[in-house]
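S.K.: Note that this note's numbering has the sequence shown beginning at 2, numbered continuously upward.
All C-beta atoms in this analysis are idealised placements derived from N, C-alpha and C, irrespective of residue type, glycine included.
In this text, all values refer to a predicted model and were calculated from it rather than measured experimentally.
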Amino acid sequence: MKKIIHLIASFLLLLYSCKKEKGTVTDQKKNAVENVIKSDTATYRISGASTSSFKSNKPSDLVPAGYEIQYDAEGDLNLDGLSDRALVIRKKEDTLAARKMMILIKNTDKTYRLDKISDTVLPDEYNEAGYKMHDPEDISIENGELNINLYDIGPYGNQFSRFKYLNGDLILTYIETYNMGAGSHSALYYEPVKGKLILETVNTMKEEMPSESKTFHLKKERYVFEKTSPEDIVQKVYRSVHAE
Numbered sequence: 002m003k004k005i006i007h008l009i010a011s012f013l014l015l016l017y018s019c020k021k022e023k024g025t026v027t028d029q030k031k032n033a034v035e036n037v038i039k040s041d042t043a044t045y046r047i048s049g050a051s052t053s054s055f056k057s058n059k060p061s062d063l064v065p066a067g068y069e070i071q072y073d074a075e076g077d078l079n080l081d082g083l084s085d086r087a088l089v090i091r092k093k094e095d096t097l098a099a100r101k102m103m104i105l106i107k108n109t110d111k112t113y114r115l116d117k118i119s120d121t122v123l124p125d126e127y128n129e130a131g132y133k134m135h136d137p138e139d140i141s142i143e144n145g146e147l148n149i150n151l152y153d154i155g156p157y158g159n160q161f162s163r164f165k166y167l168n169g170d171l172i173l174t175y176i177e178t179y180n181m182g183a184g185s186h187s188a189l190y191y192e193p194v195k196g197k198l199i200l201e202t203v204n205t206m207k208e209e210m211p212s213e214s215k216t217f218h219l220k221k222e223r224y225v226f227e228k229t230s231p232e233d234i235v236q237k238v239y240r241s242v243h244a245e
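Set out below in structure tokens:
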């Protein structure tokens with residue numbers, strides 16, 4: 002009887018040790034990713050080889066401690082036949098803080114590796130008065146493109162942006178905005194890689210609501226996901242056009 006009790010105790014101790022070890026490994030992954038994310042500016046200088054060392058079977062294991070997943074999109078982003086993930090994460094204790102987006106690429110062994118991080122690609126979720134700036138917000142991966150769609154019928158308007166992998170970099174390929182103001186509606190269609198910009202305006206003050214469209218050919222730009230703020234780029238484009 003004592004021998005049986007001893008065997009059971011030994012088994013339970015072994016089981017507890019395995020669980021504890023598994024939990025420790027997961028915590029180590031979360032802390033390691035957190036150390037990368039903590040230094041937002043330095044993050045963008047880290048080579049792909051550095052971030053690729055962070056991998057796990059579960060995307061949630063790669064979310065740093067203190068953060069939670071707000072949005073999650075799944076699809077083949079780098080067109081290798083495997084389903085990747087895009088995560089929008091925010092701090093659990095401060096949901097008003099700036100959010101970050103993580104790109105997780107799926108490996109052939111079915112694990113995910115951390116490939117890209119950006120804390121600039123999304124605008125603030127709330128304005129200074131505490132009101133949500135875009136509602137709804139949506140992210141998706143379709144046809145090898147990451148889509149970030151932000152909607153607002155108020156002053157902030159709609160903003161749609163697309164990113165695509167080109168030679169290992171996740172590049173901004175398209176921005177579209179639509180705003181409804183007093184007396185007019187305006188739209189912007191911009192392809193940075195091609196340098197093509199179209200601005201459209203609809204005069205709502207007149208009954209027939211005439212529209213005007215202008216096409217501009219700007220300098221070709223290559224905006225990488227890690228450092229890109231679509232909101233800032235839109236403002237930059239408008240300034241460059243008005244300066245001409």
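1. According to DSSP, which residues form a beta bridge with S230?
2. Taking the beta carbon of M103 as the centre, do at least 16 other beta carbons fall within 10 Å, making it buried, or is it exposed?
3. Pop quiz: G145 and L80 are said to be a contact at Cβ under 8 angstroms. What is the actual Cβ separation, rounded to whole angstroms?
4. If you follow the beta strand (DSSP E) that A188 is in, where does it begin and where does it stop?
5. Is S241 buried or exposed, if buried means 16 or more other CB atoms sit within 10 Å of its CB?
6. What span of residues does the beta strand (DSSP E) with L147 cover, start to end?
7. Output needed for A98: all residues of its chain with C-beta closer than 7 angstroms, excluding positions within five of it in sequence on either side, in chain order.
8. Measuring only the C-alpha atoms, how far is S119 from E208?
9. Can you name the residues that DSSP bridges to K107?
M.R.: Looking at the coordinates:
1. Looking up residue 230 in the sequence shown gives position 229. S230 is not bridged to any residue.
2. Your numbering for residue 103 matches position 102 in the sequence shown. Result: buried.
3. To locate residue 145, count along the sequence shown from 1; it is residue 144. To locate residue 80, count along the sequence shown from 1; it is residue 79. Indeed, because the Cβ distance is near 5 angstroms, the residues count as touching under 8 angstroms.
4. Position 187 of the sequence shown, counted from the first residue, corresponds to residue 188. Counting along the chain, the beta strand (DSSP E) containing A188 begins and ends at S185 to E192.
5. Walking along the sequence shown from the start, residue 241 turns up at place 240. Result: exposed.
6. In the sequence shown, counting from the first residue as 1, residue 147 sits at position 146. Run containing L147: E146 to L151, per the beta strand (DSSP E) assignment.
7. Stepping through the sequence shown from its first residue, residue 98 is reached at position 97. If the five residues before and after A98 are omitted, its C-beta is found closer than 7 angstroms to the C-beta atoms of R91 and K92, all from its own chain and listed in chain order.
8. For the purposes of this step, residue 119 is taken as residue 118 along the sequence shown, with counting starting at 1. For the purposes of this step, residue 208 is taken as residue 207 along the sequence shown, with counting starting at 1. Those two C-alpha atoms are separated by around 45 angstroms.
9. Translated into the one-based positions of the sequence shown, residue 107 becomes position 106. DSSP output for K107 lists Y113 as bridge partner(s).
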